[in-house]
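K.L.:
Got a structure for you, written out below as C-alpha coordinates; questions coming shortly.
In my numbering, the protein residues as written are 2 to 325.
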(Lines of atoms letter the chains of each structure in order from A; the text may use other names.)
(Lines give C-alpha, C1' and ligand atoms only; values in the text may rest on other atoms or scores of the structure.)
Protein backbone atom coordinates (compact mmCIF):
# COMPACT_ATOMS: atom_id res chain seq x y z
CA UNK A 2 0.00 0.00 0.00
CA UNK A 3 1.11 3.59 -0.59
CA UNK A 4 2.42 5.37 2.47
CA UNK A 5 -0.08 7.69 4.12
CA UNK A 6 0.75 11.41 4.32
CA UNK A 7 3.01 11.88 7.32
CA UNK A 8 2.52 14.28 10.18
CA UNK A 9 4.17 17.59 9.22
CA UNK A 10 7.77 17.79 10.31
CA UNK A 11 7.22 21.30 11.66
CA UNK A 12 3.59 21.22 12.60
CA UNK A 13 3.53 24.03 15.16
CA UNK A 14 4.56 27.35 13.64
CA UNK A 15 5.38 30.33 15.82
CA UNK A 16 3.19 33.31 15.00
CA UNK A 17 0.93 31.34 12.66
CA UNK A 18 -2.72 32.12 12.12
CA UNK A 19 -5.32 29.39 12.79
CA UNK A 20 -6.35 29.05 9.16
CA UNK A 21 -5.52 30.01 5.59
CA UNK A 22 -8.92 30.06 3.95
CA UNK A 23 -8.71 33.56 2.44
CA UNK A 24 -4.98 33.64 1.76
CA UNK A 25 -3.71 33.40 -1.85
CA UNK A 26 -0.91 30.93 -1.04
CA UNK A 27 -3.31 28.55 0.70
CA UNK A 28 -5.90 28.79 -2.06
CA UNK A 29 -3.22 28.18 -4.68
CA UNK A 30 -1.75 25.18 -2.83
CA UNK A 31 -5.20 23.73 -2.31
CA UNK A 32 -6.02 24.10 -6.01
CA UNK A 33 -2.69 22.58 -7.11
CA UNK A 34 -3.07 19.59 -4.81
CA UNK A 35 -6.63 19.01 -6.02
CA UNK A 36 -5.41 19.13 -9.61
CA UNK A 37 -2.55 16.72 -8.99
CA UNK A 38 -4.76 14.28 -7.12
CA UNK A 39 -6.98 14.25 -10.19
CA UNK A 40 -3.96 13.91 -12.49
CA UNK A 41 -2.41 10.86 -10.88
CA UNK A 42 -5.75 9.07 -10.85
CA UNK A 43 -6.38 9.88 -14.53
CA UNK A 44 -2.80 9.92 -15.80
CA UNK A 45 -2.85 6.60 -17.61
CA UNK A 46 -6.20 7.08 -19.32
CA UNK A 47 -5.18 10.54 -20.56
CA UNK A 48 -1.61 9.82 -21.56
CA UNK A 49 -0.51 6.23 -22.05
CA UNK A 50 -2.55 5.17 -25.07
CA UNK A 51 -0.76 7.64 -27.34
CA UNK A 52 2.66 8.73 -26.10
CA UNK A 53 3.12 11.11 -29.05
CA UNK A 54 6.86 11.75 -28.71
CA UNK A 55 8.30 14.99 -30.11
CA UNK A 56 12.01 15.90 -30.05
CA UNK A 57 12.38 19.47 -28.75
CA UNK A 58 16.12 20.12 -29.07
CA UNK A 59 17.72 16.66 -29.20
CA UNK A 60 17.06 12.94 -28.83
CA UNK A 61 17.41 13.35 -25.05
CA UNK A 62 15.10 16.40 -24.85
CA UNK A 63 11.67 14.96 -25.52
CA UNK A 64 8.08 16.05 -25.24
CA UNK A 65 5.15 13.61 -25.12
CA UNK A 66 1.39 13.78 -25.22
CA UNK A 67 1.55 13.35 -21.45
CA UNK A 68 3.67 16.52 -21.09
CA UNK A 69 1.22 18.51 -23.19
CA UNK A 70 -1.98 17.27 -21.56
CA UNK A 71 -0.75 17.57 -17.98
CA UNK A 72 0.60 21.09 -18.54
CA UNK A 73 -2.64 22.18 -20.22
CA UNK A 74 -4.62 20.80 -17.29
CA UNK A 75 -2.49 22.40 -14.58
CA UNK A 76 -1.88 25.77 -16.22
CA UNK A 77 -5.42 26.26 -17.53
CA UNK A 78 -6.98 25.25 -14.22
CA UNK A 79 -4.77 27.63 -12.25
CA UNK A 80 -5.06 30.51 -14.74
CA UNK A 81 -8.86 30.40 -14.55
CA UNK A 82 -8.82 30.51 -10.76
CA UNK A 83 -5.88 32.89 -10.32
CA UNK A 84 -5.80 35.34 -13.26
CA UNK A 85 -3.08 37.53 -11.69
CA UNK A 86 -0.70 34.62 -11.17
CA UNK A 87 2.52 34.20 -13.18
CA UNK A 88 2.70 30.60 -14.42
CA UNK A 89 5.82 29.35 -16.21
CA UNK A 90 5.60 25.88 -17.75
CA UNK A 91 8.30 23.75 -19.33
CA UNK A 92 6.44 23.10 -22.56
CA UNK A 93 6.06 25.86 -25.14
CA UNK A 94 2.47 25.21 -26.15
CA UNK A 95 0.44 27.25 -28.67
CA UNK A 96 -2.75 28.88 -27.35
CA UNK A 97 -5.71 26.58 -27.86
CA UNK A 98 -9.08 25.73 -26.41
CA UNK A 99 -8.66 23.34 -23.49
CA UNK A 100 -10.98 20.37 -23.12
CA UNK A 101 -13.25 20.89 -20.12
CA UNK A 102 -12.29 17.43 -18.86
CA UNK A 103 -8.79 18.76 -18.21
CA UNK A 104 -10.02 21.58 -15.96
CA UNK A 105 -10.00 21.01 -12.20
CA UNK A 106 -11.67 23.67 -10.06
CA UNK A 107 -11.81 21.90 -6.70
CA UNK A 108 -9.71 22.36 -3.59
CA UNK A 109 -7.78 19.96 -1.38
CA UNK A 110 -9.22 20.10 2.12
CA UNK A 111 -6.15 18.72 3.94
CA UNK A 112 -4.21 21.95 3.51
CA UNK A 113 -7.00 23.90 5.22
CA UNK A 114 -6.28 21.98 8.43
CA UNK A 115 -2.73 23.31 8.68
CA UNK A 116 -1.65 26.57 10.35
CA UNK A 117 -0.47 29.35 8.10
CA UNK A 118 3.08 30.63 8.67
CA UNK A 119 2.70 34.33 9.46
CA UNK A 120 5.34 35.39 6.92
CA UNK A 121 2.92 34.46 4.11
CA UNK A 122 -0.15 36.30 5.39
CA UNK A 123 0.45 39.47 3.36
CA UNK A 124 1.32 37.77 0.06
CA UNK A 125 -0.86 38.77 -2.89
CA UNK A 126 -1.77 36.56 -5.83
CA UNK A 127 0.24 38.70 -8.23
CA UNK A 128 3.36 38.28 -6.03
CA UNK A 129 3.57 34.53 -6.68
CA UNK A 130 5.35 32.72 -9.51
CA UNK A 131 4.47 29.10 -10.29
CA UNK A 132 7.00 26.84 -12.04
CA UNK A 133 5.47 23.77 -13.72
CA UNK A 134 7.20 20.66 -15.05
CA UNK A 135 4.29 18.54 -16.28
CA UNK A 136 6.39 15.41 -16.67
CA UNK A 137 9.86 15.31 -15.12
CA UNK A 138 11.74 12.30 -16.46
CA UNK A 139 10.19 12.32 -19.93
CA UNK A 140 12.91 10.15 -21.49
CA UNK A 141 12.46 7.53 -18.78
CA UNK A 142 8.69 7.71 -19.27
CA UNK A 143 9.10 6.84 -22.95
CA UNK A 144 11.33 3.90 -21.97
CA UNK A 145 8.90 2.49 -19.41
CA UNK A 146 10.94 3.48 -16.33
CA UNK A 147 7.81 4.80 -14.67
CA UNK A 148 9.15 5.06 -11.12
CA UNK A 149 11.42 7.90 -12.38
CA UNK A 150 8.45 10.03 -13.47
CA UNK A 151 7.16 12.97 -11.42
CA UNK A 152 4.99 16.05 -11.92
CA UNK A 153 6.56 19.13 -10.32
CA UNK A 154 4.88 22.38 -9.27
CA UNK A 155 6.91 24.95 -7.35
CA UNK A 156 5.69 28.25 -5.94
CA UNK A 157 8.07 31.17 -5.47
CA UNK A 158 7.81 34.53 -3.71
CA UNK A 159 10.38 37.31 -4.12
CA UNK A 160 12.64 34.90 -5.99
CA UNK A 161 12.64 32.24 -3.28
CA UNK A 162 11.00 28.82 -3.56
CA UNK A 163 8.49 28.65 -0.67
CA UNK A 164 6.07 25.83 -1.53
CA UNK A 165 6.41 22.74 -3.66
CA UNK A 166 4.56 19.64 -4.79
CA UNK A 167 6.05 16.45 -6.23
CA UNK A 168 3.45 14.06 -7.62
CA UNK A 169 4.49 10.49 -8.47
CA UNK A 170 1.67 9.18 -10.68
CA UNK A 171 3.22 5.71 -10.95
CA UNK A 172 4.35 5.23 -7.35
CA UNK A 173 3.67 1.56 -6.44
CA UNK A 174 3.11 0.60 -10.08
CA UNK A 175 5.04 -2.65 -9.56
CA UNK A 176 3.55 -3.43 -6.16
CA UNK A 177 0.67 -5.58 -7.40
CA UNK A 178 -3.00 -5.07 -8.27
CA UNK A 179 -4.07 -4.28 -4.70
CA UNK A 180 -1.57 -1.45 -4.20
CA UNK A 181 -2.70 2.17 -4.30
CA UNK A 182 -1.15 3.81 -7.36
CA UNK A 183 0.41 7.24 -7.07
CA UNK A 184 1.31 9.61 -4.24
CA UNK A 185 1.80 13.33 -3.66
CA UNK A 186 4.64 14.80 -1.62
CA UNK A 187 4.31 18.46 -0.70
CA UNK A 188 5.87 21.04 1.57
CA UNK A 189 5.87 24.67 2.66
CA UNK A 190 8.85 26.44 4.18
CA UNK A 191 8.04 27.17 7.80
CA UNK A 192 5.32 24.52 7.92
CA UNK A 193 6.92 21.19 7.01
CA UNK A 194 6.81 18.38 4.48
CA UNK A 195 4.14 15.73 3.96
CA UNK A 196 3.48 12.50 2.09
CA UNK A 197 6.60 10.41 2.83
CA UNK A 198 8.69 8.92 5.63
CA UNK A 199 11.98 10.75 6.13
CA UNK A 200 15.02 8.46 6.14
CA UNK A 201 18.77 9.04 6.02
CA UNK A 202 21.62 7.15 4.41
CA UNK A 203 23.65 5.23 7.04
CA UNK A 204 26.37 7.33 8.67
CA UNK A 205 29.65 7.29 6.80
CA UNK A 206 28.12 6.24 3.48
CA UNK A 207 28.54 8.49 0.44
CA UNK A 208 25.99 7.54 -2.20
CA UNK A 209 25.65 9.91 -5.15
CA UNK A 210 22.60 10.22 -7.36
CA UNK A 211 23.15 11.84 -10.74
CA UNK A 212 21.85 12.00 -14.28
CA UNK A 213 21.08 8.88 -16.25
CA UNK A 214 20.78 10.45 -19.70
CA UNK A 215 22.67 13.79 -19.67
CA UNK A 216 26.15 12.89 -18.47
CA UNK A 217 29.45 14.38 -19.68
CA UNK A 218 33.06 14.69 -18.49
CA UNK A 219 32.28 17.51 -16.05
CA UNK A 220 29.53 15.44 -14.43
CA UNK A 221 31.69 12.33 -14.10
CA UNK A 222 34.70 14.31 -12.82
CA UNK A 223 32.58 15.96 -10.13
CA UNK A 224 30.92 12.71 -9.09
CA UNK A 225 34.31 10.96 -8.86
CA UNK A 226 35.65 13.77 -6.67
CA UNK A 227 33.00 12.92 -4.08
CA UNK A 228 34.77 9.58 -3.46
CA UNK A 229 31.40 7.78 -3.60
CA UNK A 230 30.66 4.33 -2.21
CA UNK A 231 28.01 4.01 -4.91
CA UNK A 232 26.58 6.03 -7.80
CA UNK A 233 22.90 5.87 -8.76
CA UNK A 234 22.14 7.06 -12.29
CA UNK A 235 18.43 7.80 -12.53
CA UNK A 236 16.09 10.12 -14.40
CA UNK A 237 14.26 13.20 -13.15
CA UNK A 238 15.26 15.93 -10.69
CA UNK A 239 12.18 15.25 -8.59
CA UNK A 240 13.06 11.57 -8.40
CA UNK A 241 16.60 12.39 -7.27
CA UNK A 242 15.38 14.58 -4.42
CA UNK A 243 13.04 11.79 -3.35
CA UNK A 244 16.09 9.52 -3.19
CA UNK A 245 17.69 12.00 -0.76
CA UNK A 246 14.71 12.30 1.57
CA UNK A 247 14.03 8.56 1.59
CA UNK A 248 17.59 7.54 2.44
CA UNK A 249 18.64 6.05 -0.89
CA UNK A 250 21.28 8.68 -1.70
CA UNK A 251 23.45 11.16 0.19
CA UNK A 252 23.92 13.83 -2.48
CA UNK A 253 22.50 14.84 -5.84
CA UNK A 254 25.39 16.00 -8.03
CA UNK A 255 24.84 17.45 -11.50
CA UNK A 256 27.80 19.55 -12.65
CA UNK A 257 26.37 20.70 -15.96
CA UNK A 258 23.84 23.08 -17.48
CA UNK A 259 20.62 21.37 -18.50
CA UNK A 260 18.46 21.44 -15.40
CA UNK A 261 15.82 24.20 -15.46
CA UNK A 262 14.00 26.21 -12.80
CA UNK A 263 10.84 24.10 -13.18
CA UNK A 264 12.98 21.04 -12.40
CA UNK A 265 14.30 22.41 -9.11
CA UNK A 266 11.74 24.81 -7.61
CA UNK A 267 9.38 22.23 -6.09
CA UNK A 268 12.05 19.68 -5.06
CA UNK A 269 14.11 22.43 -3.40
CA UNK A 270 11.21 23.30 -1.10
CA UNK A 271 10.67 19.68 -0.03
CA UNK A 272 14.38 19.27 0.70
CA UNK A 273 14.73 22.58 2.56
CA UNK A 274 11.60 21.85 4.62
CA UNK A 275 13.34 18.82 6.16
CA UNK A 276 16.67 20.54 6.77
CA UNK A 277 18.44 19.80 3.49
CA UNK A 278 20.08 22.18 1.05
CA UNK A 279 20.03 22.72 -2.73
CA UNK A 280 22.30 25.18 -4.55
CA UNK A 281 24.21 25.51 -7.78
CA UNK A 282 27.65 23.88 -7.95
CA UNK A 283 29.26 27.07 -6.54
CA UNK A 284 27.00 27.08 -3.48
CA UNK A 285 24.76 29.91 -4.70
CA UNK A 286 21.05 29.83 -3.93
CA UNK A 287 18.82 29.51 -7.00
CA UNK A 288 16.47 32.38 -7.86
CA UNK A 289 12.90 31.88 -9.10
CA UNK A 290 11.51 35.32 -9.95
CA UNK A 291 9.62 35.61 -13.23
CA UNK A 292 12.44 37.44 -15.07
CA UNK A 293 15.18 34.92 -14.20
CA UNK A 294 16.75 32.79 -16.92
CA UNK A 295 15.23 29.33 -16.97
CA UNK A 296 18.47 27.35 -17.20
CA UNK A 297 20.38 26.42 -14.04
CA UNK A 298 23.60 27.09 -15.91
CA UNK A 299 25.90 26.29 -12.98
CA UNK A 300 24.42 22.88 -12.26
CA UNK A 301 22.93 21.51 -9.04
CA UNK A 302 24.32 20.24 -5.74
CA UNK A 303 21.81 18.99 -3.16
CA UNK A 304 22.06 17.03 0.08
CA UNK A 305 19.84 16.09 2.99
CA UNK A 306 22.77 16.28 5.43
CA UNK A 307 26.52 17.11 5.33
CA UNK A 308 26.25 19.67 2.54
CA UNK A 309 29.63 21.24 3.38
CA UNK A 310 31.44 17.92 2.89
CA UNK A 311 30.17 17.55 -0.67
CA UNK A 312 30.54 21.24 -1.54
CA UNK A 313 34.17 21.19 -0.42
CA UNK A 314 34.95 18.35 -2.82
CA UNK A 315 33.75 20.06 -6.01
CA UNK A 316 36.89 20.46 -8.16
CA UNK A 317 37.99 23.99 -9.06
CA UNK A 318 38.16 22.89 -12.70
CA UNK A 319 34.46 22.07 -12.56
CA UNK A 320 33.60 25.40 -10.92
CA UNK A 321 35.65 27.30 -13.51
CA UNK A 322 33.77 25.57 -16.33
CA UNK A 323 30.31 26.45 -14.99
CA UNK A 324 29.36 30.12 -15.00
CA UNK A 325 26.38 31.08 -12.80
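Just so you know, even glycine gets a beta-carbon here, dropped at the ideal spot from N, CA and C.
Does the segment 220-238 come into contact with the segment 178-191, if we say contact requires no fewer than three beta-carbon pairs (one atom in each stretch) closer than 8 angstroms?
P.N.:
no
K.L.:
Tell me whether residue 25 sits in a helix, a strand or coil according to DSSP, three-state version.
P.N.:
helix
K.L.:
Can you tell me where the beta strand (DSSP E) with residue 169 in it begins and where it stops?
P.N.:
Residues 161-169.
K.L.:
Check residue 109 in the structure and name its three-state DSSP category.
P.N.:
coil
K.L.:
For residue 314 and residue 264, what's the separation of their Cα atoms in angstroms?
P.N.:
If you draw a straight line from the Cα of residue 314 to the Cα of residue 264, it is about 24 angstroms long.
K.L.:
Can you give me the Cβ contacts of residue 34 inside the same chain, cut-off strictly under 7 angstroms, excluding the 5 residues immediately before and after it?
P.N.:
109, 112, 166, 185 and 187
K.L.:
Would you kindly work out how many angstroms separate the C-alpha atoms of residue 61 and residue 242, rounded to a whole number?
P.N.:
With a pLDDT of only 45 at residue 61, under 50, the local geometry of the prediction cannot be trusted, and no value is derived from it.
K.L.:
With a threshold of 8 angstroms, are at least 3 pairs of Cβ atoms found where one atom belongs to the segment 248-266 and the other to the segment 169-180?
P.N.:
no
K.L.:
Indicate whether the contact test is met: 3 or more Cβ pairs, each with one atom in the segment 300-310 and one in the segment 259-277, closer than 8 angstroms.
P.N.:
When C-beta atoms of the segment 300-310 are compared with those of the segment 259-277, three or more pairs fall below 8 angstroms, so the two segments count as touching.
K.L.:
Could you tell me which residues DSSP puts in a beta bridge with residue 133?
P.N.:
90 and 154
K.L.:
State yes or no: is the beta carbon of residue 170 nearer than 7 angstroms to at least one beta carbon in chain E?
P.N.:
Looking for chain E here will not work: only one protein chain is present.
K.L.:
How close, in whole Å, do the beta carbons of residue 272 and residue 280 come, if the pair is a contact with beta carbons under 8 angstroms?
P.N.:
In fact, because the Cβ distance is near 11 angstroms, the residues do not count as touching under 8 angstroms.
K.L.:
Please report the distance separating the alpha-carbon of residue 133 from that of residue 146.
P.N.:
21 angstroms
K.L.:
Give me whichever residues DSSP pairs with residue 278 in a beta bridge.
P.N.:
304
K.L.:
Measuring straight from C-alpha to C-alpha, what distance separates residue 246 and residue 31?
P.N.:
If you draw a straight line from the Cα of residue 246 to the Cα of residue 31, it comes to about 23 angstroms.
K.L.:
Would you decide whether residue 334 is buried or exposed? Buried here means 16 or more other CB atoms lie within 10 Å of its CB.
P.N.:
There is simply no residue 334 to check, as the chain begins at 2 and stops at 325 in what is shown.
K.L.:
Considering Cα atoms alone, identify which of 193, 224, 291 and 219 is closest to residue 131.
P.N.:
291
K.L.:
If residue 240 and residue 138 are in contact, beta carbons under 8 angstroms, what's the gap, nearest whole angstrom?
P.N.:
6 angstroms
K.L.:
I'd like the span of the alpha helix (DSSP H) that includes residue 219, first residue to last.
P.N.:
218-226
K.L.:
Taking 7 angstroms as the cut-off, decide whether the C-beta atoms of residue 192 and residue 129 are in contact.
P.N.:
No, these two residues do not count as a Cβ contact at 7 angstroms.
K.L.:
Taking the straight line between their C-alpha atoms, what separation do you get for residue 115 and residue 195?
P.N.:
Residue 115 and residue 195: Cα-Cα distance of roughly 11 angstroms.
K.L.:
Of all the options 190, 276, 325 and 305, which has the alpha carbon lying nearest to the alpha carbon of residue 207?
P.N.:
305
K.L.:
Strictly by DSSP, which residues pair up with residue 258?
P.N.:
260
K.L.:
For residue 170 and residue 71, I'd like the C-alpha separation in whole angstroms.
P.N.:
11 angstroms
K.L.:
In terms of residues, what are the limits of the alpha helix (DSSP H) holding residue 375?
P.N.:
With the chain represented from 2 up to 325, any question about residue 375 goes unanswered, as that position is not in the structure.
K.L.:
For residue 283, which residues from the same chain have a beta carbon less than 7 angstroms from its beta carbon, with the 5 sequence-adjacent residues on both sides left out?
P.N.:
299, 320 and 325
K.L.:
Determine the closest residue to residue 149 out of 168, 285, 78 and 307, with distance taken between C-alpha atoms.
P.N.:
168
K.L.:
Alpha carbon to alpha carbon, how far is residue 244 from residue 199? Give it in angstroms, no decimals.
P.N.:
10 angstroms
K.L.:
Is it buried or exposed for residue 84, if we count other Cβ within 10 angstroms and need 16 for buried?
P.N.:
exposed
K.L.:
Verify whether the separation of the beta carbon atoms of residue 123 and residue 190 is less than 7 angstroms.
P.N.:
no
K.L.:
If you check the beta carbons only, do residue 224 and residue 211 fall under 7 angstroms apart?
P.N.:
yes
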